[in-house]
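Enquirer: Questions regarding the structure given below will be posed in turn.
2 protein chains.
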Amino acid sequence: MKAAICPEEGKHKFVLKTPKGTRDYSPKQMAIREKVFSIIINCFKRHGAETIDTPVFELKETLTGKYGEDSKLIYDLKDQGGELLSLRYDLTVPFARYLAMNKISNIKRYHIAKVYRRDNPAMTRGRYREFYQCDFDIAGQYDPMIPDAECLKIVHEILSTLQLGGFLIKVNDRRILDGMFAVCGVPDSKFRTTCSTVDKLDKMPWEDVKSEMVGEKGLSLEVADRIGEYVRLHGGLSLIEELLQDPKLSQNKLAREGLGDMKLLFEYLVLFGISAQISFDLSLARGLDYYTGVIYEAVLTQPQNDHTEESVGVGSVAGGGRYDGLVGMFDPKGRKVPCVGVSIGIERIFSIMEQKAEASEEKIRTTETQVLVASAQKKLIEERLKLVSELWDSGIKAEMLYKKNPKLLNQLQYCEETGIPLVAILGEQELKDGVVKLREVATREEVDICRGKLVEEIKRRTCLS
Amino acid sequence: MKAAICPEEGKHKFVLKTPKGTRDYSPKQMAIREKVFSIIINCFKRHGAETIDTPVFELKETLTGKYGEDSKLIYDLKDQGGELLSLRYDLTVPFARYLAMNKISNIKRYHIAKVYRRDNPAMTRGRYREFYQCDFDIAGQYDPMIPDAECLKIVHEILSTLQLGGFLIKVNDRRILDGMFAVCGVPDSKFRTTCSTVDKLDKMPWEDVKSEMVGEKGLSLEVADRIGEYVRLHGGLSLIEELLQDPKLSQNKLAREGLGDMKLLFEYLVLFGISAQISFDLSLARGLDYYTGVIYEAVLTQPQNDHTEESVGVGSVAGGGRYDGLVGMFDPKGRKVPCVGVSIGIERIFSIMEQKAEASEEKIRTTETQVLVASAQKKLIEERLKLVSELWDSGIKAEMLYKKNPKLLNQLQYCEETGIPLVAILGEQELKDGVVKLREVATREEVDICRGKLVEEIKRRTCLS
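Residue numbers (this note's numbering), protein chains in the order written: chain A, 2 to 466; chain B, 2 to 466.
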C-alpha cells in the first residue's frame, strides 16, 4: 500500500547487489585479470591458434544430452514468444556445434569467454556461477598423440609462466579406465557411473569411494577391491610398461590401445622436456561424458596462501582431454571430427594472483597514463587543453584534472596516487619561453623542455609503456 | 512416436543454428574485431581510463524503470527457484549500479562487453540481438564541460583512426530541448514523449514527425510548427550566440543554461581542434530517458559500400551524453554522482570493416605464427618435436604439422595458405651439420643457420610481430 502511494519512496528500497554467485571486477582486479589473460593468449598464439566467438546463449536443444547429471545446472532463459534458449555451460559444446554447422574438419582455435553454471558458489575458493574459461582445442584427423602432447605442453607453459609454484599434470585415458572396469568385472552398463565415482578420489579417501561403489552403484565387494588395486597406481613410462605386461589388462583390447597411446604420449612429453611434471594416474576419471581417449587435469602441489580451512582441496587449475564423438552428435550425417583440447580454470588462478598481489607490497597500476598536464597558476585551462590534446594526437597517454583552476599540489598528489610517472607543468613563464617544465614524480627532478621536443622526451622516458 | 522408438535416429533432427539475431565470429571476423577493439582500447587508455567488468545478468529490478518503452526488449531468465534475473540491456545502468554499490564518486572507466536486446534484428546492417558496446564514462563532480569535451574528443580520435571516411558529431542538450518545448507551448507532461518523436527526425521527414506530434501526441498544429522552426536549425558557435539572443528561448532558464554550456563546450572543442566535425543540431534528441544535459551522436557522412536499399539510414556509430541522475536512483540515500559518457556502436563499424576487407585484395592472417618446423625426409618426428619445443620455449610462435611423416610440399603449402613467413627445415644432412635450413616462403630463399643462432635469426627476420 505504502509503495503504491509513495512510489518515489519505495524506489530506493531494493537490494543493491549482483546476482548470487557473480561479482563485479574492480579496476585492480581487471589489471590482474588482463595480466593473466595476456600470458594465456600469448601462449595460445605461440602455438598458432586462431580464435572464434560464439553467442552467450544457445538453442536449449544444442546443450541437451551433453552434460549428463550436470544438465540441471544449466541456466534457461524465459520463453518470450520465440526460441527456447540456455546460457552456455562450457565452450566445448558451442565449439562442436560451430564445427558441425560450418562443416569445418580442421582447426586449431582458442576461445576465452564466460560460461554459466547454477552450482553452489564457493566464491572465496574461486568458484562462481559466472566464470571465464580459456579453451584451446585442436580438431582434425591427425597422427596419434601429436596434438594431445601439444595440449599438455601448453598447460605446462602456462602454469610455468604464471609462477604459481609447483604443479602436477595427471594423465589417464578413458579407454584404459573402461578396459580396467571390464577386467575387474564391472558390467558394461555401469562403466559411466563407476567412472563418476572414481572421479571423486581426489576429494575423498578410497574407503568412501569404495562404499559408494558397493552401496550406491551396486558393485560387488570383490569388483570394488579389484578396482582399488588399479586406481592407487600412478607413475610414468615404467608403470605403462608394467601394465602392458599385466596379465589381465593386456588381454583387453581397449586397455591395450589406451596403454599403447599413453606410451607414445610419454615419449613425446620426454622430447618436450616436461615429463617430470606429468603423472600417469589411474585414479583420474574426469566428470564429463564426452571424453573418448586421453584425459588430463593439472593440480597445484604447493599449498596456496588460502583460508586454512579451505586449502585442503586445492582443486584443478586446468583440465581436458580427447572427445572424438561430440562433433558427430551435431552433424546431420553423423560425420565425426576428432578433437582434443584443454581448458584453463582461470577463476582459481585469479584468486591466487589476487591474494599474492594483496600480500605483496607492490602497488598495482590500473591505468597506463604517462604524463599529467598540470598548471602552476590560475587561468591556464585553455593552455592545458591545448597541450593535452597535442599529446593525445601524438599517441601519448595523458590526463589533466577536470578543474578550471586546480592547485599544483593537488595535481602532484593525483600523480602519486595513480602512479603517473611524469608531470608536464605549464606556467606563465614557461608559455613565454616556449617550454614546458617536465617533472619526474619519483625523484622530483624538473627540467625545462622545448615545446617541440616534449613528445619525443616523454616517449624516451617512458619507453617501457 | 518414431523418435521414441528410434531415439538415435531422432537425435540428428534438430536445427543446427545460433539463436535468432546472434552470430558466431569466424577467425577472420575475429581478426577484424580485434583490430577495431585494439584501436578503441588504445584510445581509452590514452585518456587514462581504468576498466571494470560486471556480470552479464543483473537482478531484474536493477534494470526496471531505466529504459522507458524499450524495457519490453529486455531478456529475462527463467526463475529457477532463486532470483529474477535479466540480461544487461546496456553497460550504463550496470555502471551506475556499480558506482552506487561501491560508493564510488570519482572514476574514469571503459567497459567493453556484450549487451542484449530482443529487437528486430537487421543483421546485414550490423543490428543484432547480442552485440558489443564499447563505453567510456567519466563520473564525478567537475567543472562544466571539461569531461564532456573529452568524450567528444575521444569519438573524434576513434573515428579518425578507424578511417571510415567522413563523419559528423551532432551535439545538443536536453535542457535546450526542454526549454525549447516550454517556449513552444508543449505542456510539461509531454516533454519526454515529444522528445521521442523529435528523435525520429533522422529517419523520417519533418512532415511525418509533425503529423505524429499532432496526431499521436496531441500537440496543437501551432505548437508543432513552432517546434519545426527550431529543429531545422544546426550550426556552430554563431548559432549558439544567435539563440542566446532569441527573444523567446533566452527567457527560459533551462535553455539559457544549456546554451551557455554549449558555448563553453564549443570553445573547448576549438582548442581540441575538432570543431569542424561538430554540429550543434537542435533536432538531436536521443532515445534514452536518463540523459540530463549534453547529448551527442556521430554519423558517417560518406555512403558506405552497402547493399543499396539499406544505405539510406547509415545510422549512428557512436552516441552518448550526460546523465547526472542515474547513480542517485540506485543510492539508498539518493546521493547523486554526475556522469557523462560515450558508447561506440561497434557492430556497425565491424560490418563496414568486413565489407572493406572483402573488397580489398589483402589477405587477412588469422594466426601470428612466425615459423613452421618442417622435415625434408621421413622419420624425423622426434627431431621436429624437439625443435618446435625449443622455439616455443624461446618465445617464438611456431607450428608443425600433426603428421609423423608429412611431405615437404604439403608443409610448404600450409605456409602459403596460412601466411607463415618462415620454414625451419630439418633433414638428415642438417642434423649432422648441426644446422637448420631457414626458408623464406615469399622469396623461396634458403640459408643454413647454425642451430644455436636460429632463435635470434627468426626474431631478427620477424621483428614486426
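Idealized CB from N, CA, C, for every residue including glycine. Treat the numbers as computed from the prediction; the structure is a model and nothing was measured.
1) Is residue 86 of chain A helix, strand or coil when you go by DSSP?
2) By DSSP's criteria, residue 235 of chain B is part of a beta bridge. Which residues make up the other side?
3) Which runs of the beta strand (DSSP E) at least 3 residues long sit entirely within the segment 98–151 of chain B? Give them in chain order.
4) Residue ranges of each alpha helix (DSSP H) run of no fewer than 4 residues wholly in the segment 14–60 of chain B, ordered along the chain?
5) Please return the same chain residues whose Cβ sits closer than 7 Å to the Cβ of residue 364 of chain A, not counting the five positions on each side in sequence.
6) Beta strand (DSSP E) containing residue 361 of chain B: first to last residue?
7) Against chain A, with Cβ distances strictly below 7 Å, would residue 349 of chain B count as a contact?
8) Please look up how many angstroms separate the CB atoms of residue 86 of chain B and residue 58 of chain B, rounded, as I've assumed it's under 8 Å.
9) Is residue 207 of chain B close to chain A, meaning its C-beta is less than 7 Å from at least one C-beta of that chain?
10) Let's test the definition: count the other Cβ atoms within 10 Å of the Cβ of residue 18 of chain B and tell me whether it reaches 16, buried, or not, exposed.
11) Counting only C-beta atoms, is residue 244 of chain A closer than 7 Å to chain B at any point?
12) Would a check of beta-carbon distances place residue 104 of chain A closer than 7 Å to chain B?
13) Residues bridged to residue 408 of chain A by DSSP?
14) Any idea which residues DSSP pairs residue 342 of chain A with across the strands?
15) With a CB to CB cut of under 8 Å and the five nearest residues on each side skipped, what residues in its chain are close to residue 459 of chain B?
16) Consult DSSP for residue 91 of chain A and reduce its assignment to one of helix, strand or coil.
17) Please report the straight-line C-alpha distance between residue 303 of chain B and residue 167 of chain B, rounded to a whole angstrom.
18) Along the segment 443–465 of chain B, where does the CB come closer than 7 Å to a CB of chain A? Name the residues.
19) When DSSP labels each residue in this structure, what does residue 298 of chain A get in the three-state scheme?
20) Going along the chain, which residues of its own chain have a beta-carbon closer than 7 Å to the beta-carbon of residue 313 of chain B, five neighbours each way excluded?
21) How about residue 31 of chain A: is its C-beta nearer than 7 Å to some C-beta of chain B?
22) Between which two residues does the alpha helix (DSSP H) harbouring residue 436 of chain B extend?
23) From residue 37 of chain A to residue 53 of chain B, what does the alpha carbon distance come to, in whole angstroms?
24) Name the chain B residues that come within less than 9 Å of residue 101 of chain A, Cβ to Cβ?
25) Taking only the alpha-carbon atoms, compute the straight-line gap between residue 479 of chain A and residue 260 of chain A and give it to the nearest angstrom.
26) What are the residues that DSSP puts in a beta bridge with residue 173 of chain B?
27) What's the C-alpha gap between residue 321 of chain B and residue 91 of chain A?
28) Give the secondary structure of residue 153 of chain B by DSSP, where H, G and I count as helix, E and B as strand, and everything else as coil.
29) Since I believe residue 102 of chain B is in contact with residue 177 of chain B (beta carbons under 8 Å), could you give me their beta-carbon distance rounded to a whole number of angstroms?
30) Pop quiz: residue 319 of chain B and residue 345 of chain B are said to be a contact at Cβ under 8 Å. What is the actual Cβ separation, rounded to whole angstroms?
31) Give the residues of chain A in contact with residue 58 of chain B, contact being defined as C-beta atoms less than 7 Å apart.
32) What are the residues that DSSP puts in a beta bridge with residue 317 of chain A?
33) Quick check on DSSP: helix, strand or coil for residue 307 of chain A?
34) Would you tell me roughly how many angstroms separate the C-alpha atoms of residue 405 of chain A and residue 76 of chain A, rounded to the nearest one?
35) Chain B beta carbons: is any one of them nearer than 7 Å to that of residue 28 of chain A?
36) Report buried or exposed for residue 219 of chain A, applying the criterion of at least 16 other Cβ atoms within 10 angstroms of its Cβ.
Expert: With the given structure in hand:
1) Note: residue 86 of chain A maps to strand in three-state DSSP.
2) Note: residue 235 of chain B is bridge-paired with B/282 in the DSSP secondary-structure output.
3) Qualifying beta strand (DSSP E) stretches, in chain order: 108–117 and 131–140.
4) Taking only runs of at least 4 residues, the alpha helix (DSSP H) segments lying wholly in the segment 14–60 of chain B are 28–47.
5) Exclusion of the five residues before and after residue 364 of chain A leaves 420 as the residues of its chain whose Cβ lies within less than 7 Å of its Cβ.
6) Unbroken run through residue 361 of chain B: none, as it is neither H nor E.
7) Not one chain A Cβ lies under 7 Å of residue 349 of chain B.
8) The distance from the Cβ of residue 86 of chain B to that of residue 58 of chain B is about 4 Å, consistent with a contact at the 8 Å cut-off.
9) Output row for residue 207 of chain B: interface = no.
10) Its Cβ having fewer than 16 others within 10 Å, residue 18 of chain B is exposed.
11) For residue 244 of chain A, the closest Cβ of chain B is not nearer than 7 Å.
12) False, the Cβ-Cβ gap to chain B never drops below 7 Å.
13) Answer is none; residue 408 of chain A lacks a bridge partner.
14) Per DSSP, A/138 and A/322.
15) Same-chain partners within the cutoff: 371, 372, 392, 397, 423, 425 and 439.
16) Under the three-state reduction of DSSP output, residue 91 of chain A falls in the coil class, being neither helix nor strand.
17) Rounded to whole angstroms, residue 303 of chain B to residue 167 of chain B spans 6 Å at the Cα level.
18) Listed by position, the residues of the segment 443–465 of chain B near chain A (Cβ gap below 7 Å) amount to none.
19) Here residue 298 of chain A sits in strand by DSSP.
20) Summary for residue 313 of chain B: the model assigns pLDDT 38, below 50, so the residue's position carries little reliability; its value from the coordinates is reported in the next sentence. Cβ neighbours of residue 313 of chain B beyond the five flanking positions: none.
21) Put simply, the CB of residue 31 of chain A is near chain B, with a gap under 7 Å to one of its CB atoms.
22) First-last for residue 436 of chain B: 436–441, but that is the beta strand (DSSP E), not the alpha helix (DSSP H).
23) Residue 37 of chain A and residue 53 of chain B: Cα-Cα distance of roughly 15 Å.
24) Contact annotation for residue 101 of chain A against chain B: 17 [CB-CB distance below 9 Å, chain order].
25) Because chain A spans 2 through 466 in this model, residue 479 of chain A falls outside it and cannot be assessed.
26) The partner list for residue 173 of chain B (beta bridge, DSSP) reads B/296.
27) Cα to Cα, residue 321 of chain B sits roughly 35 Å from residue 91 of chain A.
28) Collapsing the DSSP output to three states places residue 153 of chain B in a helix.
29) Here residue 177 of chain B is actually not in contact with residue 102 of chain B; their C-beta atoms are around 33 Å apart, not less than 8 Å.
30) Rounded, the Cβ-Cβ distance is 5 Å, consistent with contact.
31) 20, listed in chain order.
32) Answer is A/300, bridged to residue 317 of chain A.
33) Residue placement at residue 307 of chain A is poorly supported in this model, since its pLDDT is 49, which falls under 50; the coordinates still yield a value, given next. Three-state DSSP puts residue 307 of chain A in coil, outside helix and strand.
34) Going from the Cα of residue 405 of chain A to the Cα of residue 76 of chain A covers about 50 Å.
35) Residue 28 of chain A counts as touching chain B.
36) With fewer than 16 other Cβ atoms within 10 Å, it is exposed.
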